[in-house]
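In the working numbering, the protein residues as written are -6 to 326.
Beta carbons are placed, not taken as given, at the ideal position from N, Cα and C, and that holds for glycine.
If you're wondering where the values come from, they're calculated on a predicted model, not measured in any experiment.
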Amino acid sequence: MTSVLSSVQFSVLDRSRVREGHHASEALRDTVRLARAVEELGYHRFWVSEHHGVPGVAGSAPTVLAAAVASATRSIRVGTGGVMLPNHRPLVVAEQFGVLESLFPGRIDMGLGRSVGFTDGVRRALGRDKDDADDFAGQLDELLGWFHGTSPTRVHARPPEGLVVPPFVLAMGEGASIAARAGLPMVIGDLRNRDKMRHGIDRYRAEFRPSSWAEAPYVVVSGTIAVAETPEAAHRILLPEAWAMAYSRTHGSFPPLAPAEEVERRVMTAKERGFYEAGLAGHVYGTEEQVAHELEAVVKETGAQEVLVTTSTYDREAMLESYERLARVAGLG
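As structure tokens, then:
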């Protein structure tokens, strides 16, 4: 561990990735088991995500899954990375987090994103369209108002009113300015495009306005980190997710994760190969020493206060070992 890394928190976002030959229900149980494991390792937060109609992702109801995670753990902070606010009524989101905070006081985070459904069909099923993301700032303001009791409807949200559930904005593009104007912590990714990430962070800090939620900017950088005994073993952790991304870009559907050895045997078209190699580029991976050096550079470049790790792979044992090794790198425990 270096002095630079000891100054930041390390957290985990798990997307409940489905694996070939396994059911979605197993992916959800895997998420809960992983939460217990990383809590023992000393990670700060454990977040879950929201995806709809995606064959390779089981996490479609993040607040429900967060409740399961929180009930299975003791002290780690639990939240969402994130609830996609344009998909929901802000009152309902406030009520859900109010219930979570009431059941698990002092442990709940409210990570919020501005994406809508992955496909036209999903958006129709949700009763939404792409334009709904354009009013994210207004939806965010309405949501936070339910906690402060300032709704112009004169309705009072129960139980969220008066509770403090820390909000975070998942910032992609315009999200950095929205987080800054609202005075909220920002989560930004990914590590593969450092220039774009730094630009978003600079924009966020320059435009930040202190609020009742945060007096100063708070930056969480997110991305894939893989740690193993050798660089080659760490690189193999990345293969299943890279292939899933390449497949989604060329077939329009995000598939379950395939074993790394199967991915290595695949004959890919030129287009698939291009997306696949792009999906492998820019991640932080290697031995503990290599990853420590790379993460130190990331933290120095960004001034981030926290790193949110989003690693997914088919081999659950390799993934857990990666988190164990990263915990040593970060000096957790």
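Query raised in the report: In three-state terms, what does DSSP make of P153?
Result: coil
Requested in this report: Identify, in the order they occur along the chain, each residue of the same chain with its Cβ nearer than 6 Å to the Cβ of D183, setting aside the five sequence neighbours on each side.
Outcome: G216
Query raised in the report: Excluding five sequence neighbours on each side, which residues of the same chain lie with their C-beta closer than 6 Å to the C-beta of A323?
Result: L(-2), F3
Requested in this report: Whole angstroms is fine: what's the gap from V158's alpha carbon to F90's?
Outcome: 7 Å
Query - Which of helix, strand or coil DSSP assigns to L250 - result: strand
Query raised in the report: Going by the beta-carbon positions, is the gap between A20 and R10 smaller than 8 Å?
Result: yes
Query raised in the report: Who does A219 pair with in a DSSP beta bridge?
Result: Y278
Query raised in the report: Taking C-beta to C-beta, are T73 and A59 nearer than 8 Å?
Result: yes
Query raised in the report: So, helix, strand or coil for Q2, using DSSP?
Result: strand
Query raised in the report: Candidates L34, V277, R22: which alpha carbon is nearest V214's?
Result: V277
Report task. Can you give me the start and stop residues for the alpha helix (DSSP H) that M190 sits inside? Result -> 187 to 200
Query raised in the report: Hey, how far is the Cα of L96 from the Cα of E222?
Result: 40 Å
Report task. Could you say which of W139, I194, D7 lies nearest to S305 if we only look at CA atoms? Result -> D7
Requested in this report: Please determine if the segment 202 to 212 and the segment 259 to 270 are in contact, where contact requires at least 3 C-beta pairs separated by less than 8 Å.
Outcome: no
**Report entry** Rounded straight-line distance, which links the Cα of H81 to that of V212
**Finding:** 26 Å
Query raised in the report: Among all the DSSP beta bridges, which residues are the ones paired with D7?
Result: V41
**Report entry** Distance, R12 Cα to H37 Cα
**Finding:** 26 Å
Requested in this report: State buried or exposed for S44, treating a residue as buried only when at least 16 other CB atoms are found within 10 Å of its CB.
Outcome: Checking the sequence, you will find His at residue 44 rather than Ser. It is buried - the Cβ of H44 has at least 16 other Cβ atoms within 10 Å.
Requested in this report: Output the residue ranges of the beta strand (DSSP E) runs that lie fully inside the segment 63 to 148 and measure 3 residues or longer, sorted by chain position.
Outcome: 70 to 73, 103 to 106
Query raised in the report: Is the shortest distance between the beta-carbon of V25 and the beta-carbons of chain C less than 8 Å?
Result: Note that chain C does not occur in the displayed structure, where there is just one protein chain.
Query raised in the report: Are L84 and W139 touching if we call contact CB-CB under 8 Å?
Result: yes
Query raised in the report: Is it right to say S272 is buried, meaning 16 or more other beta carbons lie within 10 angstroms of its own, or is it exposed?
Result: Contrary to the premise, residue 272 reads as Gly rather than Ser in this sequence. The residue in question, G272, is buried, as its Cβ has 16 or more Cβ neighbours within 10 Å.
**Report entry** Identity of the residues DSSP links to M179 by a beta bridge
**Finding:** V162, V212
Query raised in the report: Using the rule of at least 16 other Cβ atoms within 10 Å of the residue's Cβ for burial, across every protein chain shown, is P98 buried or exposed?
Result: exposed
Query raised in the report: Would you say the segment 279 to 294 touches the segment 246 to 256, given that touching needs at least three Cβ pairs under 8 Å?
Result: no
Report task. Could you tell me how far apart the beta carbons of V5 and V31 are, in whole angstroms, since I believe they sit closer than 8 Å? Result -> 5 Å
Query - For V50: DSSP bridge partner residues - result: R10
Report task. Less than 8 Å between the CB atoms is what I'm expecting for L133 and L156, so what's the real figure, rounded? Result -> No, L133 and L156 are not in contact; Cβ-Cβ is about 17 Å, not under 8 Å.
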